[in-house]
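Please read the structure below before turning to the comments.
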Amino acid sequence: MTRRQAPVYIVGGLALVGLGFAISGPSVPNFWLWLTLPGMMIAGGIIRLLFRS
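Just so you know, we're using my numbering here: the sequence shown kicks off at 550 and counts up by one.
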């Protein structure tokens with residue numbers, strides 16, 4: 550991921566979290582599975598923006 554792609558990963562991760570919440574809701578057992586990949590995308594984007602290597 551390049552530094553220019555990091556905001557796309559953050560926004561895409563937030564969109565996937567919203568989609569997962571809309572589809573399964575927080576009471577369904579697989580709700581945390583919906584948060585795993587988007588959480589990694591958001592974290593990766595933030596880490597990429599923080600560390601400019």
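In this text, a Cβ means the ideal position worked out from N, Cα and C, and glycines have one as well.
Residue 565 is a Cβ neighbour of residue 586, given a cutoff of 8 Å.
Residue 583 sits buried, since 16 or more C-beta atoms from the chains shown fall within 10 Å of its C-beta. Separation of the CB atoms of residue 594 and residue 559 is rounded to 4 Å, and the pair is thereby assigned contact status at 8 Å. Residue state for residue 574 is assigned as coil, using DSSP reduced to three classes. Closest in C-alpha terms to residue 567, from the list 596, 555, 581, comes 581.
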